[in-house]
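Below you'll find the structure, written out as structure tokens, and then a few comments.
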Amino acid sequence: MSRVSPTLASRVVRSFRAPSNCKTSNGTTSSLRIVRNTHSGPPPPPPPAFEGLRNGLAITASVGAIALFALYASDTRAGIHRLVTMPLMRTFLDAEEAHKFAIWCGKNGLVPEEHVQDDAVLQTEVWGKKVTNPVGLAAGFDKNAEAIDSLLGFGFGLVEIGSVTPQPQPGNPKPRMFRLTEDKAVINRYGFNSDGHATVEQRLKSRIRKWLYRNRNMLNPAAGAADLLPHPTQLPADVPNALKDGRLLGVNLGKNKTSAADSNEDYVNGVTRLGPYADYLVVNISSPNTPGLRALQRREPIQKLLEEVKHARDENLPHHPPLLVKIAPDLGDKELEDIAAVVQAAGIDGVIISNTTISRPVTLMSDRKVTTETGGLSGPPLHELSLSAVRKFYRLTNGKVPIVGCGGIHSADQAIAFAKAGASLVQLYSAMSYDGPGLIDEIKLDVARRLKTEGKTWMGIVGSDHDK
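Residue 1 is where the sequence shown starts when you use the UniProt record's numbering, and the numbers rise one by one after that.
Shown next, in the form of structure tokens:
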């Protein structure tokens with residue numbers, strides 16, 4: 001082992017000698033020098049250029065994250081809508097408040113939209129009109145034509161507004177809409193709450209004016225806003241009132257609560273006033289929430305009604321929109337036979353089967369306090385009842401009257417079942433209030449996948465159950 005030089009050792013000791021005023025505990029002077037840290041204060045700030053770069057990167061990262069999230073959330077398929085948005089709405093808003101909030105968001109463009117094209121196997125043709133997909137939104141969601149374009153943006157092949165009554169009316173007292181959460185169903189007794197013909201017509205006019213102005217270079221480059229009369233007669237022949245290729249806009253007509261029970265004037269006025277803005281019209285005689293309305297489904301009243309509204313359509317609407325009637329699911333076989341006969345005799349273009357039901361299936365799992373509320377039940381518990389009515393009506397008319405199937409559709413299974421039973425188109429509403437707008441794309445993709453697996457198209461399976 002090498003020895004340390006005495007000279008080197010003494011230098012090391014002297015270098016650590018404490019100051020003369022530093023005493024040890026026994027009063028002797030310490031030989032350890034206290035070395036002060038000359039950098040004991042805060043570290044010096046980074047150069048301004050570095051600080052600016054760091055802040056810039058942080059801002060860029062934040063903006064990028066927000067942009068990516070916005071892009072993600074702008075797609076109806078984003079899971080956040082089903083997993084976060086819809087549960088939050090059900091938790092903090094009652095059923096009607098959530099409905100109003102959804103319409104407000106749609107009206108102001110604060111909703112996602114579909115970013116994929118419809119598969120070719122979903123295309124269908126009805127009333128001489130090609131539709132990119134058969135999945136529609138039933139009447140009752142956008143009662144007053146406030147969010148049409150946002151709803152079409154969800155990916156629906158058809159959107160039906162209404163029911164619209166001639167005069168504004170508030171509907172029934174609140175509460176009037178109830179969730180049956182365990183059944184993913186809804187009971188409502190809205191009672192045709194409506195802004196009335198005049199207000200809805202103005203919204204439809206405004207929508208067309210905006211479209212004409214946006215597309216003025218294609219139509220008339222020299223036209224100014226004042227030259228663009230907000231009337232659908234100015235639309236090119238190949239542009240539907242939905243203002244979107246391959247889509248349809250339906251207008252559902254209702255009756256004021258104060259109107260005479262035996263008067264059809266409300267429906268006739270609706271055809272004349274709102275018909276110009278519709279790709280198809282619906283006469284709603286099946287709401288359970290307007291006293292006496294369902295009595296119009298009896299043979300003599302419905303025959304008189306359909307003759308009058310068809311005459312109004314033929315006399316006043318050059319574009320001749322298809323005329324449909326919406327019926328209840330609670331009809332007996334004889335009532336269905338009468339309606340089928342009258343619809344064919346009057347030359348009505350189609351039926352919507354069905355509206356809500358006043359029955360309460362024993363299979364309901366929700367709280368009895370809710371299931372016993374007065375009103376129409378919609379959602380999955382309605383499915384079998386509506387499907388049975390579709391199957392019977394198709395058979396009664398030999399498939400000659402187009403059917404729009406509606407009732408409890410919440411997956412591809414139900415949509416395909418309706419098609420095979422005889423429905424050319426299908427509609428949903430309640431399911432979207434639980435699963436959000438992504439459900440539409442989910443149903444379409446699943447239907448398309450199954451059709452391609454079987455080597456079929458949507459049009460090819462309509463009524464196929466009756467071929468067996």
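Backbone N, C-alpha and C fix where the C-beta goes; we use that ideal spot for every residue, glycine too.
C-alpha distance - S388 paired with T60, whole-angstrom precision
58 Å
So, at 8 Å on beta carbons, what are the nonlocal neighbours of N316 in its own chain, with the 5 sequence-adjacent residues on each side left out?
V271, T272 and G275
Just to confirm the assignment, what range does the alpha helix (DSSP H) spanning F92 have?
M86 to F92
In terms of alpha-carbon separation, which member of R189, G106, K310 and T397 lies closest to T357?
R189
Applying the criterion that 16 or more other CB atoms from any shown protein chain within 10 Å of the CB defines a buried residue, is G347 buried or exposed?
exposed
Please report the Cβ distance between F418 and L336, rounded to the nearest whole angstrom; I am assuming they are in contact, meaning their Cβ atoms lie under 8 Å.
No, F418 and L336 are not in contact; Cβ-Cβ is about 16 Å, not under 8 Å.
L212, DSSP secondary structure in three states:
helix
Would V186 and F178 qualify as a contact pair, given that the criterion is a beta-carbon distance under 8 Å?
yes
Is DSSP giving S25 helix, strand or coil here?
At S25, the pLDDT of 49 sits below 50, so the modelled position is not reliable; the number obtained from the coordinates is stated separately. Correct three-state label for S25: coil.
Should L110 go down as buried or exposed, given a rule of 16 or more other Cβ atoms within 10 Å for buried?
exposed
Burial state of R449 (16 or more Cβ within 10 Å):
exposed
Do L305 and V282 have their C-beta atoms within less than 8 Å of each other?
no
In the DSSP assignment, the beta strand (DSSP E) including F178 goes from what residue to what residue?
M177 to L180
Less than 8 Å between C-beta atoms, sequence neighbours within five positions excluded: which residues of the same chain meet that for Y277?
E201, L204, K205, I208, P232, N241, L249 and V251
Could you have a look at Q234 and say whether DSSP puts it in helix, strand or coil?
helix
Please state whether the Cβ-Cβ distance between S163 and L253 is less than 8 Å.
yes
Beta-carbon separation of P329 and S354 under 8 Å?
yes
Buried or exposed for R441, please, with buried defined as at least 16 other CB atoms from any protein chain shown within 10 angstroms of its CB.
Note on identity: in this sequence residue 441 is Asp, with Arg being the wrong assignment. D441 should be labelled buried.
Exposed or buried, what is residue 537 when buried is set at 16 or more other beta-carbons lying within 10 Å of its beta-carbon?
Since the first and last residues shown for the chain are 1 and 468, residue 537 lies out of range.
Exposure of M218, with buried meaning 16 or more beta-carbon neighbours within 10 Å
exposed
Tell me where the alpha helix (DSSP H) around residue 487 begins and ends.
Because residue 487 is not part of the residues shown, which for the chain are 1 to 468, the question remains open.
Proximity to D413 [Cα-Cα], best of V447, S430 and D75:
V447
Taking its Cβ as the centre, do 16 or more other Cβ atoms sit within 10 Å of W458, making it buried, or is it exposed?
buried
Identify whether T357 lies in helix, strand or coil by the three-state DSSP scheme.
strand
Determine the closest residue to A260 out of T290, Q234 and L235, with distance taken between C-alpha atoms.
T290
Under 8 Å, with one C-beta from each stretch per pair, do the stretch 115-122 and the stretch 81-101 reach the 3-pair mark?
no
Using only the alpha-carbon positions, how far apart do A138 and A345 sit?
26 Å
How many Å lie between S386 and S286 at the Cα?
13 Å
Per DSSP, the bridge partner or partners of D75:
E113
Local Cβ density within 10 Å of residue 506, reported as buried at 16 or more and exposed below that
Outside the displayed range of the chain (1 to 468) lies residue 506, so it cannot be described from this structure.
Neighbour-count burial assignment, N108, 16 or more Cβ in a 10 Å radius:
exposed
Assuming contact is defined by CB atoms lying nearer than 8 Å, are L324 and V351 in contact in what I supplied?
yes
Looking at V159: is its Cβ nearer than 8 Å to the Cβ of G196?
no
Contacts around M432, its chain only, beta-carbon distance under 7 Å, and the 5 residues preceding and following it disregarded:
L439
With H, G and I counted as helix, E and B as strand and the rest as coil, what does DSSP make of I34?
Because I34 carries a pLDDT of 47, less than 50, the predicted location of this residue cannot be relied on, and the following value inherits that uncertainty. I34: coil per DSSP, three-state reduction.
Write down the C-beta distance between V309 and V268 rounded to the nearest angstrom, noting that I regard them as a contact closer than 8 Å.
6 Å
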